[in-house]
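Chains A and B, in that order, give the protein sequences. Going by my numbering, the first sequence opens with residue 1, and the numbers climb by one from there. Going by my numbering, the second sequence opens with residue 1001, and the numbers climb by one from there. Glycine included, C-beta positions come from ideal geometry on N, C-alpha and C. For reference, the structure discussed in these notes is given below.
Number of protein chains: 2
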Amino acid sequence: MQLTPTSRTQHRRLAERGSFDVELINAIVDEAMFCHVGFAVDGRTVVIPTIHARVDDQLYLHGAVANAMLKSLADAVDVCVTITIADGLVLARSAFHHSMNYRSVMVFGTAARVDDIDEKRRALDALVEHVVAGRGADARPPTESEMRKTLVVRLPINEASAKVRRGGPVDDEEDLSLDVWAGVVPCQITFGTPEPAPEVESAVPPYLDQYTRG
Amino acid sequence: MQLTPTSRTQHRRLAERGSFDVELINAIVDEAMFCHVGFAVDGRTVVIPTIHARVDDQLYLHGAVANAMLKSLADAVDVCVTITIADGLVLARSAFHHSMNYRSVMVFGTAARVDDIDEKRRALDALVEHVVAGRGADARPPTESEMRKTLVVRLPINEASAKVRRGGPVDDEEDLSLDVWAGVVPCQITFGTPEPAPEVESAVPPYLDQYTRG
């Protein structure tokens, strides 16, 4: 399925890197651990990093009700959520053609506060599951008081696009003979051995064995 | 040295995680491979991922002159640059206290186009060196034509703050006895074996041996 480009999501430059493919967009959203949310507070732009989760075609964000920034996010403001996964450093012979391999998604729209208690609970479950699949069945679920202290907002993933750069450096013809190493240094986020909290006696749960993303 | 808090950088919640320490701010800026830049285009927020570099107390960003978004960035607009390094997943007994270990920086200000040719060249060198220290001496430097095609903007790092979360989960007293594994899964960005471009015959340069960040 393809999303419809809008004036904001239409790729103007390097359009060959752009995509409106919902499967690709969802895969990037799901693999990335966190996102950056941009919105205006008192007319000035603020960008905050936060965990996100997707349920079908909705993106959920959450935070403390006491958080002034998140409160303005729930005020039906215009937002841009950008999600970026770095895949490699691209070293060209020329400084000019250095680049980065990445997969990114931008979602534009208006965030709305989730008031429905069932949807809110599903979103909070999804946020825990987004971080570690399987964790939701273990962790103590939110109490009513914790639910009240938590603000959840929803953003539809319908005005969105992906951008992907992959592959090696693209040098100019006349630079190919330069004696300069060129290529890609692949990168990814990796996870170390789980470190139990002081009083924990139970074994590391199976969903943390070989934990990885994407 | 400490920066002076402003209405935008003063931490309101979890202030114990906040810092105005220039050394800490610079260390996060230098370690992070790329940043997210938020600004308004036609009154609507856009957040783009891009490589950055620091020279002393200035943050530099660059892109193609033909890039409409970057052009508006150079138009002396109000921007927020957010830089985030993920250090670990924090799994608490309760879903509510799940968290993430991270180090982040927010820089607010007004971006300005760099017109001075020497400063522009220094900034472009710094951008290459930011990605791979030592690379600047190898890569073919930008030609005059490449310089003209590249837009460089500068943002002073004076209205800025850092936020750091480290350590294990902080569970409520009454949850400590629950039979739920709790702890931290550390994470970091790791780099794989450099993959040479097809025509490259020279050996992998020493600055890529054991390449790592931070």
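Subject >> Three or more C-beta pairs below 8 Å linking the stretch 171–180 of chain A and the stretch 111–125 of chain A >> reply: Touching, no, given that fewer than three Cβ pairs across the two stretches are closer than 8 Å.
Original post:
Under the three-state reduction of DSSP, which class applies to B:Y1211: helix, strand or coil?
Top reply: As a first step, residue 1211 of chain B must be located in the second sequence, where it is residue number 211. In this structure, B:Y1211 counts as coil in the three-state DSSP scheme.
**OP:** Run down chain A in chain order and give the residues with a C-beta less than 7 Å from the C-beta of B:F1039.
**Re:** Stepping through the second sequence from its first residue, residue 1039 of chain B is reached at position 39. The answer, in chain order, is T45.
**OP:** Compare the C-beta of B:H1036 against all C-beta atoms of chain A and say whether one is closer than 8 Å.
**Re:** Residue numbering aside, residue 1036 of chain B sits at position 36 when the second sequence is read from its first letter. Chain A places a beta carbon closer than 8 Å to that of B:H1036, counting this residue as a contact.
Original post:
Taking three-plus beta-carbon pairs below 8 Å as touching, is the stretch 1146–1161 of chain B in contact with the stretch 1103–1122 of chain B?
Top reply: Because the criterion of three Cβ pairs below 8 Å is met, the stretch 1146–1161 of chain B and the stretch 1103–1122 of chain B touch.
Original post:
In three-state terms, what does DSSP make of B:N1067?
Top reply: Here residue 1067 of chain B refers to the residue found at position 67 of the second sequence. Coil at B:N1067, not helix or strand.
Original post:
Going along the stretch 1188–1208 of chain B in order, which residues come within less than 9 Å of chain A, judged by CB to CB distance?
Top reply: Against chain A - using a Cβ distance shorter than 9 Å - the residues of the stretch 1188–1208 of chain B are Q1188, I1189, T1190, F1191, G1192, T1193, P1194, E1195, P1196, A1197, P1198, E1199, V1200, E1201, S1202, A1203, V1204, P1205, L1208.
Subject >> Residue environment, A:V46, which counts as buried when at least 16 other CB atoms sit within 10 Å >> reply: Walking along the first sequence from the start, residue 46 of chain A turns up at place 46. Buried is the label assigned to A:V46, since at least 16 other Cβ atoms lie within 10 Å of its Cβ.
**OP:** Note down, in chain order, each residue of its chain lying with its Cβ closer than 7 Å to the Cβ of B:T968, except the 5 sequence neighbours on either side.
**Re:** Here chain B has residues from 1001 to 1214 only, and residue 968 of chain B is not among them.
Subject >> Contact list for B:G1168 against chain A, beta-carbon separation under 7 Å >> reply: By one-based count along the second sequence, residue 1168 of chain B stands at place 168. In chain order: A197.
Original post:
Considering only residues of the same chain and omitting the five flanking positions on each side of A:G134, which have a CB-CB separation below 8 Å?
Top reply: In the first sequence, the residue the question calls residue 134 of chain A occupies position 134. Hits under 8 Å: P205, P206, Y207.
Subject >> Amino acids of chain A, ordered along the chain, whose beta-carbon sits closer than 9 Å to that of B:E1144 >> reply: In the second sequence, the residue the question calls residue 1144 of chain B occupies position 144. Contact annotation for B:E1144 against chain A: no contact, minimum CB-CB distance about 11 Å [criterion: below 9 Å].
Original post:
Would A:F96 count as contacting chain D if we go by Cβ distances under 8 Å?
Top reply: The chain inventory of the structure shown lacks chain D, comprising the protein chains A and B.
**OP:** Identify whether B:D1179 lies in helix, strand or coil by the three-state DSSP scheme.
**Re:** Within the second sequence, numbered from 1, the residue matching residue 1179 of chain B stands at position 179. Secondary structure of B:D1179 (DSSP, three-state): coil.
Subject >> Straight-line gap, A:Q58 to B:D1118 (C-alpha atoms, nearest Å) >> reply: Counting from one through the first sequence, the residue named residue 58 of chain A turns up at place 58. Counting from one through the second sequence, the residue named residue 1118 of chain B turns up at place 118. If you draw a straight line from the Cα of A:Q58 to the Cα of B:D1118, it comes to about 47 Å.
Original post:
Can you tell me whether DSSP reads B:E1023 as helix, strand or coil?
Top reply: Here residue 1023 of chain B refers to the residue found at position 23 when the second sequence is read from its first residue. Of the three classes helix, strand and coil, the one that applies to B:E1023 here is helix, per DSSP.
**OP:** Verify the CB distance criterion: does A:L219 have a CB-CB separation below 8 Å to chain B?
**Re:** What the structure shows of chain A is the stretch from 1 to 214, and residue 219 of chain A is not part of that stretch, so it cannot be assessed.
**OP:** Identify the continuous alpha helix (DSSP H) that holds B:M1147 and give its terminal residues.
**Re:** Taking the first residue of the second sequence as position 1, residue 1147 of chain B is located at position 147. First-last of the alpha helix (DSSP H) with B:M1147: 1144–1149.
Original post:
For chain A, is any of its Cβ atoms less than 8 Å away from the one on B:S1104?
Top reply: For the purposes of this step, residue 1104 of chain B is identified with residue 104 of the second sequence, where counting begins at 1. For B:S1104, the answer is yes, since a Cβ of chain A falls inside 8 Å of its Cβ.
Original post:
Per the contact definition of three or more C-beta pairs closer than 8 Å, is the stretch 1089–1104 of chain B in contact with the stretch 136–148 of chain A?
Top reply: Yes: at least three Cβ pairs fall under 8 Å.
**OP:** Could you tell me whether the Cβ atoms of A:H11 and A:S161 are closer together than 8 Å?
**Re:** The residue labelled residue 11 of chain A in the question sits at position 11 within the first sequence. The residue labelled residue 161 of chain A in the question sits at position 161 within the first sequence. Contact: yes.
**OP:** With DSSP as the reference, label B:H1130 as helix, strand or coil.
**Re:** In the second sequence, the residue the question calls residue 1130 of chain B occupies position 130. In the three-state DSSP reduction, B:H1130 falls in the helix class (H, G or I).
**OP:** Within 10 angstroms of the Cβ of A:L91, are there 16 or more other Cβ atoms? Answer buried if so, exposed if not.
**Re:** Counted from its first residue, the first sequence places residue 91 of chain A at position 91. Buried: at least 16 other Cβ atoms inside 10 Å.
Subject >> Pairwise C-alpha distance: A:G18 and A:V164 >> reply: As a position in the first sequence, residue 164 of chain A is number 164, starting the count at 1. As a position in the first sequence, residue 18 of chain A is number 18, starting the count at 1. Each residue's alpha carbon lies about 7 Å from the other.
**OP:** Return helix, strand or coil for B:D1125, following the three-state DSSP convention.
**Re:** Locating residue 1125 of chain B in the second sequence gives position 125, counting from the first residue. DSSP places B:D1125 in the helix class (H, G or I) of the three-state scheme.
Subject >> For B:E1016: DSSP bridge partner residues >> reply: Counted from its first residue, the second sequence places residue 1016 of chain B at position 16. Answer by DSSP bridge pairing: none, since B:E1016 is not bridged.
Subject >> Proximal residues of chain B, C-beta to C-beta of A:D56 below 9 Å >> reply: Reading the first sequence from its first residue, position 56 is the one you call residue 56 of chain A. Within chain B, no C-beta atom comes nearer than 9 Å to that of A:D56; the closest sits roughly 21 Å away.
Subject >> Under 7 Å by beta carbon: chain A residues contacting B:Y1211 >> reply: The residue given as residue 1211 of chain B occupies position 211 in the second sequence. Simply V185.
**OP:** List the residues of chain A that B:V1114 touches, going by C-beta distances under 7 Å, in chain order.
**Re:** As a position in the second sequence, residue 1114 of chain B is number 114, starting the count at 1. Residues of chain A with a Cβ closer than 7 Å to the Cβ of B:V1114 do not exist, since the nearest Cβ in that chain sits about 16 Å away.
Original post:
Can you give the Cα-Cα distance for A:N101 and A:A86, rounded to whole angstroms?
Top reply: Along the first sequence, read from residue 1 onward, the residue named residue 101 of chain A stands at position 101. Along the first sequence, read from residue 1 onward, the residue named residue 86 of chain A stands at position 86. Taking the CA atoms as reference points, A:N101 sits about 6 Å from A:A86.
Original post:
DSSP state of B:L1073, grouped into three classes?
Top reply: In the second sequence, counting from the first residue as 1, residue 1073 of chain B sits at position 73. B:L1073: helix per DSSP, three-state reduction.
**OP:** Please classify A:V29: does DSSP put it in a helix, a strand, or coil?
**Re:** What you label residue 29 of chain A is simply residue 29 of the first sequence in a count that begins at 1. A:V29: helix per DSSP, three-state reduction.
Original post:
Is B:D1118 helix, strand or coil when you go by DSSP?
Top reply: Residue numbering aside, residue 1118 of chain B sits at position 118 when the second sequence is read from its first letter. Correct three-state label for B:D1118: helix.
Subject >> Close-in-space but distant-in-sequence residues of the same chain around A:S104 (CB under 6 Å, 5 per side omitted) >> reply: Residue 104 of chain A sits at position 104 when you count from the first residue of the first sequence. For A:S104, where only same-chain residues beyond five positions count, the Cβ hits under 6 Å are T84, K163.
Original post:
With 16 other CB atoms within 10 Å as the buried threshold, where does B:P1194 fall?
Top reply: For this step, residue 1194 of chain B is matched to residue 194 along the second sequence. B:P1194 comes out buried.
**OP:** Kindly give me the distance between the Cβ atoms of A:I48 and A:M69, rounded to whole angstroms, as I take these residues to be in contact under 8 Å.
**Re:** Residue mapping note: residue 48 of chain A aligns to position 48 of the first sequence, counting from 1. Residue mapping note: residue 69 of chain A aligns to position 69 of the first sequence, counting from 1. Indeed, because the Cβ distance is near 6 Å, the residues count as touching under 8 Å.
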